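Before any comments, here is the structure.
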Amino acid sequence: MIYRASRYLAPALTLALVALAWIALAAPAVEWKRQALRAAAQAEATYLRLLTTHSTLQQDRDAFQSIPTDQAIWHPTDGRAVTLDVQTALGQLAEQAGTTLSAVSPAQSDMALGTEALALTVELRAPLDAVLRLIEAVETHVPPLIIDAATLRRAQSAGFETNLPVVQASFRVVAATRPQPAEAAE
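In the UniProt record's numbering, the protein residues as written are 1 to 186.
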């Protein structure tokens with residue numbers, strides 16, 4: 001009987017030893033290989049996405065560089081200073097919006113436009129709808145005007161016949177400029 005038990009015991013122990021070796025060595029190796037293949041597939045997908053993004057960015061850069069800058073930067077006209085041109089444009093925009101500017105003064109701006117910049121502080125008191133029309137007109141103006149900062153406060157509505165609130169508004173408007181020839185020579 002012991003002989004029969006040892007006859008089955010040796011293959012059973014061998015099978016158990018192979019199973020233990022599989023569990024201890026082969027299964028972790030197979031799992032590691034699966035994880036490595038998953039990581040490689042993710043890396044390949046990321047690489048392909050980056051290639052696509054890179055080519056798209058190159059196309060965008062080429063398209064952006066082909067845009068003429070004449071309408072993106074304020075230039076002096078008729079020997080006048082750019083400041084006067086920007087002030088005139090702001091006054092016209094305010095008039096079209098149905099309001100008038102109470103003050104326009106030079107200001108400082110921290111915006112980095114990649115060129116020289118002119119900053120002006122614009123103040124007005126008007127109904128909210130007129131102020132919103134002015135903001136939209138300034139932001140969509142060509143050459144561009146950028147509202148860098150704004151302060152709106154509710155004001156007395158005396159002198160205005162409107163159901164909307166009247167606001168005291170102050171905006172810092174920035175315009176990208178090209179230096180005048182005299183400034184460029186210095």
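Here a beta-carbon is modelled for each residue, glycine too, at the ideal position from N, C-alpha and C. Given the structure is predicted, the values throughout are model-derived calculations rather than measurements.
Give me the Cα-Cα distance between residue i and residue j, rounded to the nearest whole angstrom.
i, j, result
"Q65", "A45", "30 Å"
"P127", "T53", "46 Å"
"D148", "R49", "35 Å"
"P11", "A29", "25 Å"
"Q71", "T88", "17 Å"
"T56", "Y47", "14 Å"
"V131", "A43", "52 Å"
"G159", "R125", "10 Å"
"L90", "S157", "23 Å"
"Q168", "A176", "26 Å"
"W74", "R153", "31 Å"
For residue i, tell me which candidate among the options has the shortest Cα-Cα distance.
i, options, result
"M111", "T99, L145, A89", "L145"
"A94", "S170, T177, D60", "S170"
"A107", "A97, V122, E116", "V122"
Does residue i come out as helix, strand or coil in the three-state DSSP assignment?
i, result
"D148", "strand"
"S105", "strand"
"T100", "coil"
"D110", "coil"
Per DSSP, which one or two residues make a beta bridge with residue i?
i, result
"A169", "L124, L152"
"V174", "A119, I146"
"W22", "DSSP, once it has assigned bridges, lists no residue as partnering W22."
"W74", "T177"
With contact counted as at least three CB pairs below 8 Å, one residue from each stretch, are the stretch 97 to 104 and the stretch 133 to 141 in contact?
They touch, by the three-pair rule.
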